[in-house]
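**Q**
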Amino acid sequence: MKKRVFSGIQPTGNIHIGNYLGAIKYWVASQAEYDNVFCVVDLHAITVPQDPKVLKTKTRELAGLLFAAGIDPKQSILFIQSHISAHAELAWILNCFIPMGWMQRMTQFKEKSHDLKEQASVGLFDYPALMAADILLYDTDVVPVGEDQKQHVELTRDVALRFNNIYGDTFRLPEPVIPQVGARIMGLDDPTKKMSKSEANPGHAINLLDSPETIRSKLMRATTDSLRDIRFDEGRPGIYNLLVIYELFTGLRRPEIEARFTGKGYADFKRELGEIVVEGLRPLQTRYRELTSDPTYIDSLLSEGASRARPLAEKTLAAVKKKVGLG
Ligand code: AMP
Ligand code: TRP
Numbered sequence: 044m045k046k047r048v049f050s051g052i053q054p055t056g057n058i059h060i061g062n063y064l065g066a067i068k069y070w071v072a073s074q075a076e077y078d079n080v081f082c083v084v085d086l087h088a089i090t091v092p093q094d095p096k097v098l099k100t101k102t103r104e105l106a107g108l109l110f111a112a113g114i115d116p117k118q119s120i121l122f123i124q125s126h127i128s129a130h131a132e133l134a135w136i137l138n139c140f141i142p143m144g145w146m147q148r149m150t151q152f153k154e155k156s157h158d159l160k161e162q163a164s165v166g167l168f169d170y171p172a173l174m175a176a177d178i179l180l181y182d183t184d185v186v187p188v189g190e191d192q193k194q195h196v197e198l199t200r201d202v203a204l205r206f207n208n209i210y211g212d213t214f215r216l217p218e219p220v221i222p223q224v225g226a227r228i229m230g231l232d233d234p235t236k237k238m239s240k241s242e243a244n245p246g247h248a249i250n251l252l253d254s255p256e257t258i259r260s261k262l263m264r265a266t267t268d269s270l271r272d273i274r275f276d277e278g279r280p281g282i283y284n285l286l287v288i289y290e291l292f293t294g295l296r297r298p299e300i301e302a303r304f305t306g307k308g309y310a311d312f313k314r315e316l317g318e319i320v321v322e323g324l325r326p327l328q329t330r331y332r333e334l335t336s337d338p339t340y341i342d343s344l345l346s347e348g349a350s351r352a353r354p355l356a357e358k359t360l361a362a363v364k365k366k367v368g369l370g
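Mapped onto the working numbering, the consecutive letters of the sequence shown carry residue numbers 44 to 370.
#1: Since L251 and L345 should fall inside the 8 angstroms C-beta cutoff, what is the C-beta to C-beta distance between them, to a whole number of angstroms?
#2: Expressed to the nearest angstrom, what Euclidean distance is found between the alpha-carbon atoms of V186 and V48?
#3: Using CA coordinates, which residue listed in A248, P354 and Q147 is at the minimum distance from N57?
#4: Going by DSSP in three states, K237 sits in which element: helix, strand or coil?
#5: G323 by DSSP, collapsed to three states: which one?
#6: Would you mind giving the Cβ-Cβ distance between S125 and D85, rounded to the nearest angstrom? I have them listed as a contact below 8 angstroms.
#7: Please indicate yes or no: does the CB of E177 lie closer than 8 angstroms to some heavy atom of ligand 2?
#8: Could you say if the segment 249–268 and the segment 68–77 meet the contact criterion of at least three C-beta pairs nearer than 8 angstroms?
#9: Please tell me whether P234 and G281 are closer than 9 angstroms, where the distance is taken between their beta carbons.
#10: Count the other CB atoms, across all protein chains shown, that sit within 10 Å of the CB of K46; report buried if there are 16 or more and exposed otherwise.
#11: Taking the runs of the alpha helix (DSSP H) that are 4 residues or longer, which of them lie wholly in the segment 91–170?
#12: Tell me the start and end of each unbroken beta strand (DSSP E) in the segment 181–232 that is at least 3 residues and wholly inside, in chain order.
#13: For the 8 angstroms Cβ check, are there 3 or more pairs between the segment 148–158 and the segment 189–209?
#14: I'd like the list of long-range same chain contacts for T217, defined as Cβ closer than 8 angstroms, with 5 residues on each side in sequence excluded.
#15: I'd like to know whether the C-beta atoms of E301 and R271 end up nearer to each other than 9 angstroms.
#16: Measuring only from the beta carbon, is G189 closer than 8 angstroms to any heavy atom that is part of ligand 1?
#17: When we look at the beta-carbon of H59 and count the other beta-carbons within 10 Å, is it buried (16 or more) or exposed?
#18: Can you look up D272 in the DSSP assignment and give me helix, strand or coil?
#19: Taking 8 angstroms as the cut-off, is the beta-carbon of I127 closer than that to any non-hydrogen atom of ligand 2?
#20: So the candidates are L159, E322 and F122; which of them puts its Cα closest to the Cα of D342?
#21: What residue ranges within the segment 252–320 form continuous alpha helix (DSSP H) runs of no fewer than 4 residues, ordered along the chain?
#22: Of the choices Y181, C139 and E161, whose alpha-carbon is the least far from that of A172?
#23: Check for me: the alpha helix (DSSP H) holding V367 runs from which residue to which?
#24: Which full runs of the beta strand (DSSP E) of 3+ residues lie inside the segment 50–97, going along the chain?
#25: Would you grab the beta carbon distance between R227 and G65 for me? Rounded to a whole angstrom, and I think it's under 8 angstroms.
#26: Smallest Cα separation from C82: which of T102, T90 and N284?
#27: Round the Cβ separation of I209 and R353 to the nearest angstrom and send it over; I've been treating them as touching at under 8 angstroms.
#28: What distance in whole Å lies between the Cβ atoms of T90 and Y167, which are believed to be in contact at a cut-off of 8 angstroms?
#29: Short check: CB of A88 to CB of A134, under 9 angstroms?
#30: Can you round the beta-carbon distance between L316 and L262 to whole angstroms, since I take them to be within the 8 angstroms contact cut?
#31: Just checking M174 against ligand 2 - is the residue's beta carbon closer than 8 angstroms to any of the ligand's heavy atoms?
#32: Quick check on D169: buried or exposed, where buried means 16 or more other Cβ atoms within 10 Å of its Cβ?
#33: Look at the alpha carbon of G373 and the alpha carbon of G370, and state the distance between them as a whole number of angstroms.
#34: For L108 and K99, I'd like the C-alpha separation in whole angstroms.
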């Protein structure tokens, strides 16, 4: 039996090469080994204000990019969270088993609500319960997450355990796993900060759908230092980050890359890196254009994904409702 791996991805912001090199690439490669469920979490997105048109467009764009990157709808399940009402329904039931005190300890809520203060939505506070429902509905074994989401997976385990203690074995306990494989890609404008979907500066990230001209010009303007030699030196975060991007797109070894640029300047290197990234993203971009040339195609893949996920989710939900005495 393959392990079930559940990943939730928010359809907000622009998907960038950090997401691709640090996560999506590995998801694609792991499809034979794991039983993957990918969920575009639009219900989580609305915990903060969203423009309806943008949300809907971004949801399909993200799904399209994942398919274009190589997520195979025959091997993996990819669907939109709001297409399966069991997520919201189980979240409600779990709410009734999560003490306020557990939720009040969640650091992400404290950070996200800091500026909003009393205006933060109840949904934002309750975000971890919905995430717990996502994970528990599918008998998940493993949840690959960043450090920031680990606490939410631990809360998921705690509520599952609590429910199992009251009603008998119902939920499988998931393990949070922080993947070590992916490199952390840093911002082009500030190589001391992780490349992020929510950064406003357009020079910060290379997005997966950026045009070749945009990619080239973002790289030419990327922050480096005033030194000359092109070496993998973590003490020089700007050039180091660009070299890591070069390494990950080409698969070449570090000494080979350094040898290639001995005696050359940053401008030469950045120009060549531009071509490497443009060519590296070209197959994905071409595939994305093919997938989206028929505006109904992505929707039909997503509706198939939901049809495969729904019976799994409904089975868990039905067992939970029965135990609680609902219906
Ligand atoms: P996020 O963009 O934070 O929703 O993250 C989606 C996935 O991409 C997660 O698995 C992250 O670990 C990964 N990821 C996000 N930003 C980076 C980055 N700058 N470098 C490497 N991986 C990243
Ligand atoms: N909270 C996660 C994030 O922001 C997204 C998410 C929602 C998720 N549901 C999930 C991740 C379930 C893993 C499992 O990155």
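Here a beta-carbon is modelled for each residue, glycine too, at the ideal position from N, C-alpha and C.
**A** According to the structure shown:
#1: As a position in the sequence shown, residue 251 is number 208, starting the count at 1. As a position in the sequence shown, residue 345 is number 302, starting the count at 1. Contact doesn't hold; Cβ gap of about 18 angstroms is too wide.
#2: The residue given as residue 186 occupies position 143 in the sequence shown. The residue given as residue 48 occupies position 5 in the sequence shown. The straight-line gap from Cα to Cα measures roughly 6 angstroms.
#3: As a first step, residue 57 must be located in the sequence shown, where it is residue number 14. Comparing Cα positions, the closest option is A248.
#4: Here residue 237 is taken as the residue at index 194 of the sequence shown, counted from 1. In the structure shown, K237 sits in a strand (DSSP, three-state: E or B).
#5: Taking the sequence shown and counting its residues from 1, the one referred to as residue 323 is at position 280. Correct three-state label for G323: helix.
#6: One-based indexing of the sequence shown puts residue 125 at position 82. One-based indexing of the sequence shown puts residue 85 at position 42. Contact holds; Cβ gap of about 5 angstroms.
#7: Residue mapping note: residue 177 aligns to position 134 of the sequence shown, counting from 1. Note on identity: in this sequence residue 177 is Asp, with Glu being the wrong assignment. At least one heavy atom of ligand 2 is found less than 8 angstroms from the C-beta of D177.
#8: With the cut-off at 8 angstroms, the segment 249–268 and the segment 68–77 do not touch.
#9: Locating residue 234 in the sequence shown gives position 191, counting from the first residue. Locating residue 281 in the sequence shown gives position 238, counting from the first residue. Cβ atoms of P234 and G281: closer than 9 angstroms.
#10: Numbered from its first residue, the sequence shown carries residue 46 at position 3. When all chains shown are included, K46 counts as exposed.
#11: If we require 4 residues or more, the alpha helix (DSSP H) runs fully inside the segment 91–170 come out as 95–112, 129–138, 143–147 and 150–156.
#12: 185–187 and 218–220, all fully within the segment 181–232.
#13: Contact between the segment 148–158 and the segment 189–209 is present, with at least three C-beta pairs closer than 8 angstroms.
#14: Within the sequence shown, numbered from 1, the residue matching residue 217 stands at position 174. It is worth fixing the name first, because residue 217 is Pro in this sequence and not Thr. So the qualifying residues of the chain are F49, I178, L179, T183, D184, V185, V186, V196, T199, R200 and A203.
#15: In the sequence shown, the residue the question calls residue 301 occupies position 258. In the sequence shown, the residue the question calls residue 271 occupies position 228. No; because the gap between Cβ atoms is not below 9 angstroms, this pair is not in contact.
#16: Translated into positions along the sequence shown, residue 189 becomes position 146. Yes, ligand 1 has a heavy atom inside 8 angstroms of this Cβ.
#17: Along the sequence shown, read from residue 1 onward, the residue named residue 59 stands at position 16. Answer is buried; the Cβ neighbour count reaches 16.
#18: As a working note, residue 272 is residue 229 in the sequence shown. DSSP, read as helix, strand or coil, puts D272 in coil.
#19: As a first step, residue 127 must be located in the sequence shown, where it is residue number 84. Taking 8 angstroms as the cut-off, the C-beta of I127 does not count as close to any heavy atom of ligand 2.
#20: By 1-based counting over the sequence shown, the position of residue 342 is 299. Ranked by Cα distance from D342, the options L159, E322 and F122 are led by F122.
#21: Counting only runs that start and end inside the segment 252–320, the alpha helix (DSSP H) elements of at least 4 residues fall at 255–263, 280–293 and 297–303.
#22: The residue you call residue 172 lines up with position 129 of the sequence shown. Per the Cα distances, C139.
#23: Stepping through the sequence shown from its first residue, residue 367 is reached at position 324. DSSP places V367 inside the alpha helix (DSSP H), whose first and last residues are Y340 to V367.
#24: The beta strand (DSSP E) runs lying completely inside the segment 50–97 and spanning 3 residues or more are 78–83, given in chain order.
#25: As a first step, residue 227 must be located in the sequence shown, where it is residue number 184. As a first step, residue 65 must be located in the sequence shown, where it is residue number 22. With a Cβ gap of about 6 angstroms, R227 and G65 count as contacting.
#26: For the purposes of this step, residue 82 is taken as residue 39 along the sequence shown, with counting starting at 1. Measuring from the Cα of C82, the nearest candidate turns out to be T102.
#27: Counting from one through the sequence shown, the residue named residue 209 turns up at place 166. Counting from one through the sequence shown, the residue named residue 353 turns up at place 310. Not confirmed; about 27 angstroms, so no contact.
#28: In the sequence shown, counting from the first residue as 1, residue 167 sits at position 124. In the sequence shown, counting from the first residue as 1, residue 90 sits at position 47. Note that residue 167 is Leu in the sequence shown here, rather than Tyr. Cβ atoms of L167 and T90 come within 8 angstroms of each other, at about 4 angstroms.
#29: For the purposes of this step, residue 88 is identified with residue 45 of the sequence shown, where counting begins at 1. For the purposes of this step, residue 134 is identified with residue 91 of the sequence shown, where counting begins at 1. No, the Cβ-Cβ distance between A88 and A134 is not below 9 angstroms.
#30: The residue given as residue 316 occupies position 273 in the sequence shown. The residue given as residue 262 occupies position 219 in the sequence shown. About 6 angstroms separates the beta carbons of L316 and L262, which is inside the 8 angstroms limit, making them a contact pair.
#31: Position 131 of the sequence shown holds residue 174. At least one heavy atom of ligand 2 is nearer than 8 angstroms to the Cβ of M174, so yes.
#32: Reading the sequence shown from its first residue, position 126 is the one you call residue 169. By the 10 Å Cβ count, D169 comes out buried.
#33: Given that the chain is displayed from residue 44 to residue 370, the structure contains no residue 373 and the question cannot be resolved.
#34: Position 65 of the sequence shown, counting from 1, holds the residue named residue 108. Position 56 of the sequence shown, counting from 1, holds the residue named residue 99. Their Cα atoms are separated by approximately 14 angstroms.
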